[in-house]
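For the sequence shown, the numbering used here gives the first residue as 1, with consecutive numbering after it.
Yeah, the Cβ is synthetic: ideal placement off N, Cα and C, and Gly gets one too.
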Amino acid sequence: MGRPGRGWTGGWTVLMWVAVVCLVLTDGRRSRQPRCPVGCTCTKDNALCENVRSVPHTFPSDVVSLSFVKSGFNEIAGASFVHTPNLQLLLFTANSFDLIDEDAFVGLPHLEYLSLAYNNLETLPKDVFRGMEALTKVDLRGNNLICDCKLKWLVEWIHHTNATLDQIYCSGPPIHQGKKINDLLPHSFDCITTEFASYQLLRFESISVETFTFGNEQYVVFAQPFAGTCNFLEWDHVEMTFRTYDTIQSTSTVVCKPMVIDNQLFIIVAQLFGGSHIYKRDSSANKFIKIQDIDILRIRKPNDIETFVIDGESFFVIADSSKAGSTTVYKWNGIGFYSHQSLHPWYRDTDVEYLEISNKPHLILSSSSQRPVVYQWNRSQKKFDRRTDIPDMEDVFSIKHFRVKGELFICLTRYIGDSRVMRWDGAMFKEVQTFPSRGSMVFQPVSVGKWQYAILGSDYSLTQVYQWDAKRGQFVPSQELSIQAPRGFSVVSVDNRVFLLASSFKGKTQIYEHLMIDLSD
Numbered sequence: 001m002g003r004p005g006r007g008w009t010g011g012w013t014v015l016m017w018v019a020v021v022c023l024v025l026t027d028g029r030r031s032r033q034p035r036c037p038v039g040c041t042c043t044k045d046n047a048l049c050e051n052v053r054s055v056p057h058t059f060p061s062d063v064v065s066l067s068f069v070k071s072g073f074n075e076i077a078g079a080s081f082v083h084t085p086n087l088q089l090l091l092f093t094a095n096s097f098d099l100i101d102e103d104a105f106v107g108l109p110h111l112e113y114l115s116l117a118y119n120n121l122e123t124l125p126k127d128v129f130r131g132m133e134a135l136t137k138v139d140l141r142g143n144n145l146i147c148d149c150k151l152k153w154l155v156e157w158i159h160h161t162n163a164t165l166d167q168i169y170c171s172g173p174p175i176h177q178g179k180k181i182n183d184l185l186p187h188s189f190d191c192i193t194t195e196f197a198s199y200q201l202l203r204f205e206s207i208s209v210e211t212f213t214f215g216n217e218q219y220v221v222f223a224q225p226f227a228g229t230c231n232f233l234e235w236d237h238v239e240m241t242f243r244t245y246d247t248i249q250s251t252s253t254v255v256c257k258p259m260v261i262d263n264q265l266f267i268i269v270a271q272l273f274g275g276s277h278i279y280k281r282d283s284s285a286n287k288f289i290k291i292q293d294i295d296i297l298r299i300r301k302p303n304d305i306e307t308f309v310i311d312g313e314s315f316f317v318i319a320d321s322s323k324a325g326s327t328t329v330y331k332w333n334g335i336g337f338y339s340h341q342s343l344h345p346w347y348r349d350t351d352v353e354y355l356e357i358s359n360k361p362h363l364i365l366s367s368s369s370q371r372p373v374v375y376q377w378n379r380s381q382k383k384f385d386r387r388t389d390i391p392d393m394e395d396v397f398s399i400k401h402f403r404v405k406g407e408l409f410i411c412l413t414r415y416i417g418d419s420r421v422m423r424w425d426g427a428m429f430k431e432v433q434t435f436p437s438r439g440s441m442v443f444q445p446v447s448v449g450k451w452q453y454a455i456l457g458s459d460y461s462l463t464q465v466y467q468w469d470a471k472r473g474q475f476v477p478s479q480e481l482s483i484q485a486p487r488g489f490s491v492v493s494v495d496n497r498v499f500l501l502a503s504s505f506k507g508k509t510q511i512y513e514h515l516m517i518d519l520s521d
């Protein structure tokens, strides 16, 4: 027989070695378990940190509830809790945070409860709760939340989340102060603002600018007095810039006025010297051809041109600013334009504006020698009759009109004194607002979509852009543009974009793009 004693001894030896190895491995695992951070108290599955100076990165793996009280840090950085992905409850109490990163709570897919109550918060970053699909409760009580556009996202989130929130109140701005955030709606916020951003610089001076549509394309034409040209631009749909389309050579050009009649394009070219002329676009030859001269005895010093249609008939009127000339209305007869009516002789008119008042055609003439004069169309006589003038408004250089919700307004430009906005009350124009405007030769209303602007240019200061405030019924300052000696503004829409064109008499002509900015982003 063998020796059983030895066999059992070997077996016990193996068992003892296995036991020792298991103890070492178990002890090793225990030694690698994260300890409770300094400044925190940890129980089985909870951790409470008080007066710590930063968010610790290590906690025992079985911690699912974490609280911070009176912390010594004022910022919760991005990815602060990626090392504790099993958290189900996270609480911050009696802290004072200046900044919470938008990614502060990323990596917490199991979080069910998040309290940020009583932490002196004024706002929260957009989408700070993104990815927290398990969230059922958020506590934001006791903060000083400013319910402005930066917090619009929270209102949207409240209306779409399954998580519940206690009633919280806005501490500002005044329009929402004291209101329950839970009761606000996304459309309670007006967060879209606009600006004109510099887009393209044109290396020439100009005194006027016009935009027009011909053959389903948009065009721009600048009058260049020093170069003696009408400079036409078109939109390059590939390069996304305005490029030269054509030119009309002239002398001391002040206005290049486009007029489309029966799919024919005419350009009325007003010149200070050498008479004024009318050109027609010859599509077969792909160029402009002069078809008519304008009576030099009537139009000696043209300053402005308006085109209009009354009862299906096409007209234009030239304001003459000479001592011996006469502002004159011309009518299209199917072959050419002929003098239809002389208005306001020898009054040195600087501007003419066509508009409808109470659905009746009118002209308003501005003059350096008297107050603006209003003419009304007489349908039976097919002529304009003098109706009235605008009182207490001497030295008006130009008048331009606009409408807001059906109401008629005019902008009156004055080089010396205050420019004004006036409203038609059914019987006369009454003052709405005044604007300091020393050195101004253009006060141009322009509309872009739902926005109404008035742009006040000056030879001595920055150009002021004003935006219409519907609640106040007035213009409010919106923006300043740097344009040397501006003389005219116009807008054009191409490829779903809107551009403001600004002529400059002493500097480079400029193009701005109208941009919409969402302040809630």
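Would you grab the beta carbon distance between residue i and residue j for me? Rounded to a whole angstrom, and I think it's under 8 Å.
{"i": "Y347", "j": "Q370", "result": "6 Å"}
{"i": "F92", "j": "V128", "result": "That pair is no contact at about 13 Å."}
{"i": "E75", "j": "L48", "result": "Between L48 and E75 the Cβ distance is about 20 Å, and since that is not below 8 Å, they are no contact."}
{"i": "F397", "j": "D418", "result": "About 13 Å separates the two Cβ atoms, so there is no contact after all."}
{"i": "S65", "j": "L89", "result": "4 Å"}
{"i": "F81", "j": "S54", "result": "Their Cβ separation, rounded to whole angstroms, is 12 Å, which puts F81 and S54 out of contact at 8 Å."}
{"i": "V492", "j": "T211", "result": "4 Å"}
{"i": "D103", "j": "G78", "result": "4 Å"}
{"i": "T388", "j": "V374", "result": "5 Å"}
Within its chain, find whatever has a CB closer than 7 Å to the CB of residue i; leave out the 5 residues flanking it on each side and keep chain order.
{"i": "C149", "result": "F189, C191, L519 and S520"}
{"i": "R29", "result": "Any answer about R29 is weak, because its pLDDT of 46 lies below 50 and its placement is not dependable; what the coordinates show is given next. So the list is empty, once near-sequence residues are dropped."}
{"i": "Y199", "result": "F499, I511, Y512 and E513"}
{"i": "K430", "result": "M422 and R423"}
{"i": "Q167", "result": "K180 and N182"}
{"i": "L272", "result": "S252, V254 and K301"}
{"i": "A227", "result": "F204"}
{"i": "G325", "result": "R298, I299, R300 and K301"}
{"i": "M132", "result": "F105, L108 and L111"}
{"i": "T327", "result": "V317, I318, A319, D320, L343, H344, D349, V352 and L365"}
{"i": "V269", "result": "C230, I248, S250, T253, C256, S276, H277 and Y279"}
{"i": "I289", "result": "Y279, K280 and D282"}
{"i": "S503", "result": "S206, I207, S208, V209, F222, P486, R487, G488 and T509"}
Mind checking who residue i pairs with in its DSSP beta bridge?
{"i": "Y354", "result": "L363"}
{"i": "E431", "result": "M422"}
{"i": "D518", "result": "I192"}
{"i": "R497", "result": "V494"}
{"i": "W377", "result": "F384"}
{"i": "W235", "result": "F242"}
{"i": "G457", "result": "V442"}
{"i": "D139", "result": "S115"}
{"i": "Q467", "result": "Y453 and V476"}
{"i": "N333", "result": "The partner list for N333 (beta bridge, DSSP) is empty, contrary to what the question assumes."}
{"i": "E102", "result": "Its beta-bridge partners do not exist; DSSP assigns none."}
{"i": "L66", "result": "A47 and L90"}
Starting from the C-beta of residue i, find all residues in its chain whose C-beta is less than 6 Å away, skip the five residues before and the five after it, and write them out in chain order.
{"i": "S458", "result": "G439 and S440"}
{"i": "P85", "result": "G107"}
{"i": "I294", "result": "S276"}
{"i": "K506", "result": "Q484 and A485"}
{"i": "G7", "result": "Reliability fails at G7, whose pLDDT of 46 lies under 50, so the model's placement of it is uncertain and the value that follows must be treated cautiously. Closer than 6 Å at Cβ, skipping near neighbours: no residue."}
{"i": "P37", "result": "P56"}
{"i": "P361", "result": "I310 and W377"}
{"i": "F68", "result": "C49 and F92"}
{"i": "N120", "result": "S96"}
{"i": "C40", "result": "A47 and C49"}
Can you tell me which of the options puts its alpha carbon nearest to the alpha carbon of residue i?
{"i": "R379", "options": "N359, K450, T41 and D389", "result": "N359"}
{"i": "E394", "options": "T413, S321 and H401", "result": "T413"}
{"i": "T194", "options": "S67, C411 and P477", "result": "P477"}
{"i": "H401", "options": "Y453, R387, G417 and S367", "result": "Y453"}
{"i": "M367", "options": "E356, Q381 and D351", "result": "Here residue 367 turns out to be Ser, not Met, going by the sequence shown. Ranking E356, Q381 and D351 by Cα distance to S367 puts D351 first."}
{"i": "V329", "options": "K323, S322 and F337", "result": "F337"}
{"i": "K382", "options": "R420, I416, P372 and Q341", "result": "Q341"}
{"i": "W155", "options": "L185, G172 and L135", "result": "Here residue 155 turns out to be Val, not Trp, going by the sequence shown. When only C-alpha atoms are compared, the closest one is L185."}
{"i": "E313", "options": "G473, D139, D385 and G334", "result": "G334"}
{"i": "Y219", "options": "W451, G274, V260 and I399", "result": "V260"}
{"i": "H160", "options": "E217, L135, E50 and C170", "result": "L135"}
{"i": "S171", "options": "V138, R472, E122 and W451", "result": "E122"}
{"i": "D62", "options": "F475, H187, T43 and E407", "result": "T43"}
{"i": "V448", "options": "T41, R141, L515 and P173", "result": "L515"}
{"i": "D139", "options": "K126, I146, L114 and Q479", "result": "L114"}
{"i": "I390", "options": "A94, T41 and I410", "result": "I410"}
Given residue i, which residues of its chain have a CB within under 8 Å of its CB, disregarding the five upstream and five downstream residues?
{"i": "L25", "result": "Per-residue confidence for L25 stands at a pLDDT of 46, beneath the threshold of 50, marking its modelled position as unreliable; no derived number is given."}
{"i": "Q224", "result": "F204, E205, S206, I207, C230, N231 and T253"}
{"i": "I517", "result": "I192, T193, T194 and E195"}
Could you check whether the region 169-182 touches the region 465-484, counting it as contact only if at least three pairs of C-beta atoms, one from each stretch, sit closer than 8 Å? no
Given 8 Å, three or more beta-carbon pairs between the region 227-247 and the region 293-311: no
Would you say the region 201-220 touches the region 461-468, given that touching needs at least three Cβ pairs under 8 Å? no
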